[in-house]
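>
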Amino acid sequence: MLTFVRRRGSPTQIVTLILLCIVVPATANSEDHINADIYIDNDSVEVWVDLSGLVSSERIELLKEGIDFALECRVDFLRPRRFWGSAQISQASKAMVIGYHLLAEEFSVTFSTTDTMMKVHRFASLAGLHHFLADSVEIPVISLDSIETDRRYYVEIAVMCISMTSLNIASLSKTNDTPLKFLFRQFLNITNYGREKLAVSSDLFRPSDLHLGR
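Numbered by this note's numbering, the letters in the sequence shown go through residues 395 to 608 in order.
#1: Which residue wins for smallest C-alpha separation from L456, given the options F477, I533, I492, G447?
#2: If you draw a straight line from the alpha carbon of A521 to that of W478, how long is it in whole angstroms?
#3: Given this structure, state the Cα-to-Cα distance separating S438 from R516, to the nearest angstrom.
#4: Unbroken beta strand (DSSP E) runs of length 3 or more, entirely within the segment 425-475: which are they?
#5: Let me confirm a value: K458 is counted as buried when at least 16 other C-beta atoms fall within 10 Å, else exposed. Which label applies?
#6: Mind checking which residues open and close the beta strand (DSSP E) that includes G493?
#7: Do you know how far the Cα of F599 is from the Cα of T505?
#8: Alpha carbon to alpha carbon, how far is R468 from A593?
#9: Have a look at the DSSP bridge pairing and note the partners of V503.
#10: Could you check what DSSP says for A521 in three-state terms: helix, strand or coil?
#11: Hey, could you find the ends of the beta strand (DSSP E) R589 is sitting in?
#12: Mind checking K513: buried by the 16 CB within 10 Å criterion, or exposed?
#13: Pairs of beta-carbons, one from the segment 483-498 and one from the segment 529-541, closer than 8 Å: are there three or more?
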């Protein structure tokens, strides 16, 4: 497993979220952490991310009060430049909404699989939710035939956590918003209100350094 170093910086726009009800500020939590690994699977570089550490006791309380939260995990595959900075070779992401259904007393994780289709996983216990977030978030990043195997690369992983009651993920270029939704989205974009970002970077590696599969 490669070593990942946690980075802290000012949050950047990962996804744009249109608020339909109330946004609740996400507070920094000492329980928050990210574990990750990089490996080869199906002739591509993939990243596994353990997001279970983001389901803190504080967020569980908010879930049971009816306040869902969204997570987006973005992976940047980068190549260091010779003198300064780095070049982005590829980027991939996965977004989900975590909720709690009071009557059924169950947790849920909802993924957007296409523009119109959603996939929902339900869990009767908090342990089931933790196990899913620890084991099942895998993100294909780039195919091996798209990179030079003798070059060195590194990966940056950024996770944005947004607490809210109701949301709609949309692009900044969406043109059919009401003026209120448009203005509120700009407010979120400028202030990052209700958002917390965690980020980690890997060591430099060559594709030959990576192990096969999980």
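Using N, Cα and C, we set each Cβ at its ideal position, and we do this for glycine too.
So, to answer that:
#1: Check the Cα spacing between L456 and each of F477, I533, I492, G447: the tightest is with I492.
#2: Rounded to whole angstroms, the gap between the alpha carbons of A521 and W478 is 45 Å.
#3: Straight-line spacing of the CA atoms in S438 and R516 works out to 29 Å.
#4: Taking only runs of at least 3 residues, the beta strand (DSSP E) segments lying wholly in the segment 425-475 are 429-435, 438-444, 463-474.
#5: The residue in question, K458, is exposed, as its Cβ has fewer than 16 Cβ neighbours within 10 Å.
#6: Following the DSSP letters along the chain, one finds G493 inside the beta strand (DSSP E) bounded by residues 480-495.
#7: The sequence shown places Phe at residue 505, rather than the Thr named in the question. For F505 and F599, the distance between alpha carbons rounds to 31 Å.
#8: Cα to Cα, the separation comes out at about 9 Å.
#9: BP columns for V503 point to I492, H515.
#10: Per DSSP, reduced to three states, the secondary structure at A521 is helical.
#11: Boundaries of the beta strand (DSSP E) harbouring R589: 589-596, taken from the DSSP string.
#12: By the 16-neighbour rule on beta-carbons within 10 angstroms, K513 is exposed.
#13: They touch, by the three-pair rule.
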